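Top to bottom, those sequences are chains A and B.
When you read off a place in the first sequence, starting at 1, and then add 7, the result is the number in the working numbering.
When you read off a place in the second sequence, starting at 1, and then add 7, the result is the number in the working numbering.
Just so you know, even glycine gets a beta-carbon here, dropped at the ideal spot from N, CA and C.
Keep in mind it's a predicted model, so treat the numbers as computed, not measured.
There are 2 protein chains.
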Amino acid sequence: MGGVIRPCQRFFLVRKNRTSMFRKLIGVSTFDPEEAQQFGDDPLFIRALARGVAVLSAFELAHKPLSLSEISQLSGVDRSAAQRVVHTLMQLGMIVRDEEDRGYLPGKRILTMAYSCLRLTPICQKATPALLELRRRTRERVDMSLWDDTRLIYAMRMPSKHEIFTATLTGNTVPVYCTAGGISVLARLGDDEIADIFARSDLTPFTPDTFTTLDQVMQAVRETRNRGHAIAVRQLLRHEIAMGVAVLGEDNRPVGAIHLAGSLDEHSAEDFSAKFGTLLQQTGQSLSEYR
Amino acid sequence: MGGVIRPCQRFFLVRKNRTSMFRKLIGVSTFDPEEAQQFGDDPLFIRALARGVAVLSAFELAHKPLSLSEISQLSGVDRSAAQRVVHTLMQLGMIVRDEEDRGYLPGKRILTMAYSCLRLTPICQKATPALLELRRRTRERVDMSLWDDTRLIYAMRMPSKHEIFTATLTGNTVPVYCTAGGISVLARLGDDEIADIFARSDLTPFTPDTFTTLDQVMQAVRETRNRGHAIAVRQLLRHEIAMGVAVLGEDNRPVGAIHLAGSLDEHSAEDFSAKFGTLLQQTGQSLSEYR
DNA sequence: TTATTGTGTATCGTCTGACGATACTGTAAT
DNA sequence: ATTACAGTATCGTCAGACGATACACAATAA
């Protein structure tokens with residue numbers, strides 16, 4: 008239960024004699040001056056902000072409204088600080104109290120910020136018409152997601168007929184190593200980078216067919232490189248087949264992916280690929296900035 | 008260009024001799040101890056956090072990647088502070104640099120937070136299946152939005168065939184006074200509360216037919232109270248007709264709305280209402296917590 | 001060339017106001 | 001009663017945020 012906010016782990020302390028707090032906050036147990044060096048000697052690191060983000064991130068691990076103590080535990084911020092931070096964030100509308108149940112929830116203001124994020128991210132701007140066209144032609148579920156290290160973040164979703172719960176929400180994240188979109192992203196990277204990402208991934212399987220070894224992933228990557236698009240069968244859901252292509256940024260590195268998902272009850276893997284594969288690839292290319 | 012973050016305006020400073028900064032930051036020109044009283048004498052108000060939020064909110068007003076100075080201007084935070092805050096938020100992944108263009112953008116981490124927000128908000132949890140069913144039966148665009156004072160925030164969207172750009176993004180906000188969902192929310196409130204909200208709303212019209220007077224709004228509210236659902240014609244888009252019903256929370260006050268939008272090229276207002284009105288109302292009731 | 005204006009970055013003495021241990025209040029379950 | 005956990009409030013100390021100022025670099029114009 009000793010909750011430590013995950014994404015923080017890659018940050019290190021910067022200034023020499025301001026260590027104690029950050030070590031505690033960020034979850035780095037040994038302070039390595041070697042690694043700290045990589046940030047130069049930038050003195051700009053505000054404690055309160057880091058705590059605020061940690062508190063907000065605590066909700067990512069939650070399944071119900073959180074109490075102060077729970078926030079404190081999950082975020083790794085001490086109780087007194089959590090108290091102050093939560094109060095402040097409440098004044099600012101980033102956190103609200105759950106009316107009935109005792110507890111705190113993230114506020115609606117975060118949604119507005121997320122909107123800014125989507126609105127200002129270049130791919131998202133271009134993607135909308137392309138995705139709609141794709142959905143019109145295929146009548147299956149079409150998504151776009153952004154690549155974030157070991158995971159993909161769903162940015163836009165166009166659901167089709169049958170649909171399961173949380174799947175529909177913007178901001179949901181899935182691992183790259185066992186999704187069509189993720190594999191298509193990996194296929195654009197070097198083999199050692201893939202191995203690195205796989206090694207750092209959370210390998211909890213979603214279905215009995217979810218990949219568990221690097222070999223399986225590399226096999227899928229090789230197929231993807233030959234074929235031009237990725238195919239994932241029964242990776243996240245038992246009856247799902249998904250195809251994906253990477254979207255490339257200016258520097259020819261992937262920034263995200265678009266995917267198409269259907270039911271195995273309606274399509275075999277081969278049919279699905281044959282039917283929509285080239286269309287998907289074309290769409291992916293039209294969104295990529297590299298030329 | 009003296010940019011001041013809007014949503015902050017309702018907050019006031021709390022502690023007696025810590026005024027100066029906040030007045031500047033939050034944009035309250037006159038400090039009213041009467042109003043400050045409403046927060047008790049809670050001393051918990053952390054400056055850095057408020058700044059952080061202000062900086063992140065600056066992107067809501069942006070249409071392109073922002074430079075440090077622009078962030079400083081739009082958020083009302085001084086340049087030095089903006090510098091520190093931006094650096095910190097970058098370390099924390101809340102802000103990223105736009106690769107090509109010089110400038111900062113909100114980071115993907117915000118999307119993940121937004122997901123937590125949607126996932127933990129009770130209505131959103133229940134809404135998904137109901138909305139899908141509704142879309143299956145109507146084949147039109149179905150949305151759910153959350154009420155936030157003078158505006159509605161789109162939380163879930165299920166687009167249909169024809170669709171315009173930004174409309175598709177989660178977190179977009181629209182005024183309550185000129186949308187079907189908004190009117191349906193207003194219809195659940197007292198007349199003076201409606202007047203108050205209208206008075207504080209941004210009345211920039213979207214189309215030539217957008218409401219401009221309180222009378223028009225009250226007329227629509229009365230019709231909605233009789234009919235059971237709200238209808239808005241050509242309010243946001245020239246060819247759009249929308250219907251909405253409020254979703255009520257435990258205390259019988261609206262927390263949001265669900266809406267159905269179609270094209271006037273395909274439906275007349277009467278047809279649309281007659282065809283889907285009762286279905287929409289039923290869905291709305293099934294989502295409301297009040298019993 | 002030389003200004004000019006705009007980036008992003010770095011420095012530093014001052015003194016604010018965040019820190020966190022501790023304690024208080026209220027509620028619910030046992 | 002007892003325990004446990006909510007949320008709230010207090011207070012002396014001293015870490016470290018504050019913001020004015022200056023620097024480096026790039027892109028524009030004169």
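The CB of A:Asn179 comes closer than 7 Å to the CB of Tyr122 in chain B, given here in chain order.
Taking B:Gly235 as reference, the option from B:Thr219, B:Tyr122 and B:Ala281 with the minimal CA-CA separation is B:Ala281. Neighbourhood of A:Thr186 in chain B, by CB distance below 7 Å: empty, with the nearest CB roughly 16 Å away. Excluding five sequence positions before and after A:Ala194, the CB atoms of its chain that fall closer than 6 Å to its own CB belong to Val228, Thr231 and Arg232, given in chain order. Interface annotation, A:Thr128: in contact with chain B, CB-CB separation under 8 Å. Interface annotation, B:Ile248: not in contact with chain A, CB-CB separation never under 8 Å. The C-alpha of A:Glu106 lies about 44 Å from the C-alpha of A:Leu255. When only Cα atoms are considered, A:Ser191 and B:Glu277 end up about 48 Å apart. Between A:Val60 and B:Leu99, the C-beta spacing is below 8 Å.
The CB of A:Ala57 comes closer than 9 Å to the CB of Thr95, Gln98 and Leu99 in chain B, given here in chain order. In this structure the stretch 63 to 80 of chain B does not lie against the stretch 71 to 86 of chain A, because fewer than three pairs of beta carbons, one per stretch, are closer than 8 Å.
At least one CB of chain A lies nearer than 8 Å to the CB of B:Pro166. For A:Leu267, the uninterrupted beta strand (DSSP E) segment begins and ends at Pro261 to Ser270. DSSP places A:Met165 in the strand class (E or B) of the three-state scheme. Measuring C-alpha to C-alpha distances from A:Leu244 to each of A:Thr145, A:Val181 and A:Leu63 identifies A:Val181 as the nearest. Rounded to the nearest angstrom, the Cβ distance from A:Tyr111 to A:Pro136 is 39 Å, too far for a contact under 8 Å. Counting along the chain, the unbroken alpha helix (DSSP H) around A:Thr285 starts and ends at Ala276 to Leu294.
Contact of B:Thr119 with chain A by beta-carbon distance below 7 Å involves Glu67, Ile160, Gly178 and Thr180. When DSSP reads this structure, A:Met250 sits in a beta bridge with A:Ile238 and A:Leu267. Around the Cβ of A:Gly197, a 10 Å sphere holds fewer than 16 other Cβ atoms; the residue is exposed.
Taking A:Ile130 as the centre and dropping the five residues before and after it, the same chain places the C-beta of Val254, Val262, Gly263 and Leu294 closer than 7 Å to its C-beta, in chain order.
Beta-carbon to beta-carbon, B:Ile160 and A:Thr119 are separated by about 6 Å, close enough to satisfy the 8 Å threshold.
The C-alpha of B:Ala57 lies about 7 Å from the C-alpha of A:Thr95. Assignment of B:Asp199 by DSSP, reduced to helix, strand and coil, places it in the helix class. In the structure shown, A:Tyr122 falls within a helical segment according to DSSP collapsed to helix, strand and coil. Shown here for B:Thr290: same chain residues with a beta carbon closer than 7 Å to its own, the five before and five after excluded, namely Ala137, Leu141 and Ile265 in chain order.
Going by C-alpha positions, B:Ser64 is about 27 Å away from A:Asp85. In terms of beta-carbon proximity, B:Leu139 lines the interface with chain A, with at least one pair separated by less than 8 Å. In this structure, B:His246 sits near B:Ser270, with a CB-CB distance shorter than 8 Å. Burial check for A:Asn179: the Cβ neighbour count within 10 Å reaches 16 or more, so the residue is buried. For A:Leu112, no alpha helix (DSSP H) run applies; the uninterrupted beta strand (DSSP E) run containing it begins and ends at Tyr111 to Pro113, by DSSP. As far as DSSP is concerned, A:Pro129 takes part in no beta bridge. Put simply, the CB of B:Lys282 is far from chain A, with every gap to its CB atoms at 8 Å or more. At a cut-off of 8 Å, the C-beta of B:Asp222 has no neighbouring C-beta in chain A. In the displayed model, A:Asp155 falls within a strand according to three-state DSSP. When A:Pro212, A:Ala268, A:Arg146 and A:Glu200 are compared, the shortest CA-CA separation from A:Arg260 is found for A:Glu200.
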